[in-house]
Every structure is written in structure tokens, then in C-alpha cells.
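For what it's worth, our numbering labels the leading residue of the sequence shown as 49, then goes sequentially.
Backbone N, C-alpha and C define an ideal beta-carbon position, used for all residues, glycine too.
Since the structure comes first, as C-alpha cells, the remarks are kept for the end.
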Amino acid sequence: MNLFGVIAMTRAVLPPMRQQKSGLIINLSSSAGRLSIPYFGLYCASKWALETWVETLNYELQPHGVESILLEPSGHGTDRRPPRHRRGIPEWFRRRPSSLVSQRRGRSKTSALAS
């Protein structure tokens with residue numbers, strides 16, 4: 049669903065947007081698309097694929113007046129996951145500043161949100 053569900057939905061809404069020569073497609077991802085998290089490889093890979101696809105789609109749709117953007121909220125702690133899921137994640141990773149996510153690909157936090 050992280051990738052193929054978004055592609056299916058986008059394909060469904062694109063024809064009317066192209067016809068009216070305007071539209072905005074907003075996709076929601078996560079900062080996991082910018083880094084590798086132990087034991088979350090498939091999740092991170094699907095988010096990376098989504099990020100790349102949305103960026104490419106934006107270039108392809110510009111001549112049609114349609115824009116495609118991606119929102120990436122940062123992670124946050126919850127009490128919904130038992131502590132045993134965190135055993136394999138290094139302590140340095142759990143304490144990382146959120147700016148590391150943006151620095152990983154050489155972008156500042158502001159430019160990552162603006163692009």
C-alpha cells in the first residue's frame with residue numbers, strides 16, 4: 049500500500065486534473081524514506097520508492113498544470129509499541145536529532161520541506 053496504493057489512486061484522479069489543466073496531488077510519506085532503520089528495511093524501501101516516484105511525477109505533470117508533492121512528517125515516540133521492538137535499534141539512532149534525516153541527502157530541513 050505504501051507505493052502501489054498511492055499509484056492506483058493517483059491514476060484514478062489524474063484524468064480530470066489533466067483535462068482541467070490544474071490540480072495538486074498531495075502524498076504523505078515519512079522521514080523513513082530518507083534513511084535506513086534496522087528491521088524496517090521494506091518499509092524504508094517503499095517510502096524511498098514513493099519519494100522518488102512523486103518527485104518524478106511532479107516533473108512529468110508540470111506541462112499539464114498538475115503538481116505532485118510529498119509531505120514527510122518526522123518520527124515521534126508513542127507507547128503503542130512494546131519495548132522489545134526497540135532492542136535491535138542502536139541507542140545513537142534513538143537519540144538522533146531530527147535534522148539528521150534532512151542532512152542524509154544533503155538538504156537542509158527547510159529545503160526538504162519546500163521541495
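Separation of arginine 82 from tryptophan 96, as counted between CA atoms: In a straight line, the C-alpha of tryptophan 96 is about 7 angstroms away from that of arginine 82.
Could you compute how far the alpha carbon of serine 208 sits from the alpha carbon of proline 121? Residue 208 cannot be examined here, being either before or after the span of the chain that is shown, 49 to 163.
Quick check on the burial criterion: 16 or more other C-beta atoms within 10 angstroms. Buried or exposed for glutamate 99? Residue environment for glutamate 99: buried (at least 16 other C-beta atoms within 10 angstroms of its C-beta).
If you follow the beta strand (DSSP E) that isoleucine 85 is part of, which residue opens it and which one closes it? Neither: isoleucine 85 is in no beta strand (DSSP E) and is coded neither H nor E.
Tell me the rounded alpha-carbon separation between glycine 89 and asparagine 50. C-alpha separation (whole angstroms): 13 angstroms.
Closest by CA to glycine 53, which one among Met65, Ser70, Pro86 and Asn75? That would be Asn75, whose Cα lies nearest to the Cα of glycine 53.
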